[in-house]
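A.B. asks: Chains as they are written, first to last, in our numbering: chain A, 268 to 383; chain B, 54 to 170.
Cβ atoms here follow ideal geometry from the backbone N, Cα and C, with glycine treated the same way.
Right under this line is the structure:
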């Protein structure tokens, strides 16, 4: 059974540009969540999608957006990149949503975004 | 809202020694608790989880954790560590049953475990 796949693994962008990251969840999983990991702020929740609907959103500016497709694959987009957006972006998939009994989140290897 | 505090940012230990990584949490509602491990340049791997039932939970790679509701703690232990256990460990919580918490794990700041030969 394939795990969570995130592409690309590494990305270098210039300030002001936009970027799109992709996440393919485990087959059959309908919930996809995104997290930002930085040395200073640690792991922070960005948003969660379930059946193409955003159900929860963290405290990030509107430059961070996402979507989920009918096959549960998800993308997140960051517009007008800032130096502080440099981070490891992690995607997690789960059957339902973390918080439902016996539901656990499986994480991908992440996309390392560097903004220069 | 929930918060998680990992009491040690770094824990050095010698191979075959026991180790305990400490985690305290704060929440006004009941939560599920998790420990994840992250190796360099990798994602997070679930070590163990507490959902309900026995407060002592066993996970992969010989790790175990004990949920203490009165002390709001979920400390991770291993009786004998190996070099390969060197990694960063994260404690996380999520409230029961979704609602505004859908998909949201709240993580501690992480503990870097370094096992020396």
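For residue 148/B, list the residues DSSP reports as bridge partners.
C.D. replies: 84/B
A.B. asks: Classify residue 303/A: buried if its beta carbon has 16 or more other beta carbons within 10 angstroms, exposed otherwise.
C.D. replies: buried
A.B. asks: Along the chain, where does the beta strand (DSSP E) containing residue 98/B start, and where does it finish?
C.D. replies: 97-103
A.B. asks: Taking Cβ positions only, does residue 285/A come closer than 8 Å to chain B?
C.D. replies: no
A.B. asks: For residue 170/B and residue 346/A, what's the separation of their Cα atoms in angstroms?
C.D. replies: 46 Å
A.B. asks: Can you name, in chain order, every residue of its own chain whose Cβ lies under 7 Å from the Cβ of residue 55/B, other than the five neighbours on each side?
C.D. replies: Same-chain partners within the cutoff: 78, 79, 80, 84, 146, 148 and 159.
A.B. asks: Note the first and the last residue of the continuous beta strand (DSSP E) segment covering residue 107/B.
C.D. replies: That residue, residue 107/B, is in no beta strand (DSSP E); it is neither H nor E in DSSP.
A.B. asks: Decide if the segment 367-381 of chain A is in contact with the segment 276-292 of chain A; the criterion is three or more beta carbon pairs, one per stretch, under 8 Å apart.
C.D. replies: Under the three-pair Cβ rule at 8 Å, the segment 367-381 of chain A counts as touching the segment 276-292 of chain A.
A.B. asks: Can you give me, in chain order, the residues of the segment 92-113 of chain B that have a beta carbon less than 9 Å from any beta carbon in chain A?
C.D. replies: 94, 95, 96, 97, 98, 99, 102, 104 and 105
A.B. asks: Determine whether the beta carbon atoms of residue 68/B and residue 136/B lie at a separation below 8 Å.
C.D. replies: yes
A.B. asks: Which residues in chain B have a C-beta closer than 7 Å to the C-beta of residue 338/A? List them in chain order.
C.D. replies: Those within 7 Å of residue 338/A in chain B number zero; the least Cβ separation is about 18 Å.
A.B. asks: Beta carbon of residue 163/B, beta carbon of residue 309/A: below 8 Å?
C.D. replies: yes
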